[in-house]
Each structure stands twice: as structure tokens, then as C-alpha cells.
Amino acid sequence: MPTTATTFDGPALTFDIPGLSVGVAEYEEGPTGCTVFAFERGVPFVSDIRGGSPGTVRADKTGFARAFCFAGGSLLGLEAVAGVASALFDRRGHDHVLWTDIPAVAGAIIFDFGLG
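Now the structure itself:
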């Protein structure tokens, strides 16, 4: 199991957009990783999917998401989207869970094998 190599003593990015958090992670074994944009209340979105072999999760044209995960690793990177959803779910706790408490996470991947 790879371990994350991303460490920061402070914010890697500063901005003033209420309700938005940004996170990044990468693997030493990489060079691959992911960037996550998480929204406190979720946001509606429209996607434009192009390319020879696009890989996406929950990104069908229009939708609603609490977070977006952009990962490397080609199709194998789509697993990062499930990890983001699991982490957001764990933040909320597991006491009284409604279907609306399950975080909808949209994601897309890029092919970055052989770039290291």
C-alpha cells in the first residue's frame, strides 16, 4: 500500500471562498496523486467531457456534488473518488444517517503513467 508523501506545515494555497476547502495528496511511488475541491454545502455543476479515453465518476453532463476529485493514475485513479467520499462521510459521523448525508463526489482522471 503506497503512503502519501504530501506534507505541509501551513496552507499550500490561500484563498477566500467561503465553504470551499482544497486538498492535495501525492505518492512517493508515483508520480501521481489527487487534488480535491470540497464544498461545505455542495454545488451544482455542468461537465464537458472530452478526449480519447476519458475516465469519470458521477460527472454525467449535469449534477450536484459535495466534492470534486481530480486524480492521476488513469483508470486506477478513480479509486481516489471513493476514498474522498468515504473521508467526507467519516467527518459527518455515523449516528443518524439519511440518504442526503452520503456525500456525492464527482471525479475525473488523467493518464500520467511513465511521466516520472
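Residue 4 is where the sequence shown starts when you use the working numbering, and the numbers rise one by one after that.
Glycine included, C-beta positions come from ideal geometry on N, C-alpha and C.
Legend entry - Stretch-stretch touch, CB-based, cutoff 8 Å, three pairs: the region 22 to 33 with the region 47 to 67: no
Inset, instruction - Go ahead and pull the three-state DSSP assignment for Ala111. - result: For the purposes of this step, residue 111 is identified with residue 108 of the sequence shown, where counting begins at 1. DSSP places Ala111 in strand when its eight states are reduced to three.
Legend entry - Within 9 Å, strictly: CB atoms of Ser77 and Phe116: As a first step, residue 77 must be located in the sequence shown, where it is residue number 74. As a first step, residue 116 must be located in the sequence shown, where it is residue number 113. Yes. Within cutoff.
Legend entry - Rounded C-alpha distance that separates Ala109 from Thr65: Residue mapping note: residue 109 aligns to position 106 of the sequence shown, counting from 1. Residue mapping note: residue 65 aligns to position 62 of the sequence shown, counting from 1. Rounded to the nearest angstrom, the two C-alpha atoms are 11 Å apart.
Legend entry - Neighbourhood of Arg95 by C-beta, 7 Å cutoff - its chain only, sequence neighbours within 5 removed: Here residue 95 is taken as the residue at index 92 of the sequence shown, counted from 1. The answer, listed in chain order, is Asp104.
Inset, instruction - Mind checking who Pro47 pairs with in its DSSP beta bridge? - result: Residue 47 sits at position 44 when you count from the first residue of the sequence shown. Phe67.
Legend entry - Check whether Gly22 and Phe42 have beta carbons under 9 Å apart: Residue numbering aside, residue 22 sits at position 19 when the sequence shown is read from its first letter. Residue numbering aside, residue 42 sits at position 39 when the sequence shown is read from its first letter. Contact flag set, yes.
Inset, instruction - Measure the alpha-carbon distance for Phe92 versus Ala70 and round it to whole angstroms. - result: Reading the sequence shown from its first residue, position 89 is the one you call residue 92. Reading the sequence shown from its first residue, position 67 is the one you call residue 70. Distance between the alpha carbons of Phe92 and Ala70 is about 12 Å.
Legend entry - Contacts around Asp98, its chain only, beta-carbon distance under 8 Å, and the 5 residues preceding and following it disregarded: Counting from one through the sequence shown, the residue named residue 98 turns up at place 95. Contacts found: none.
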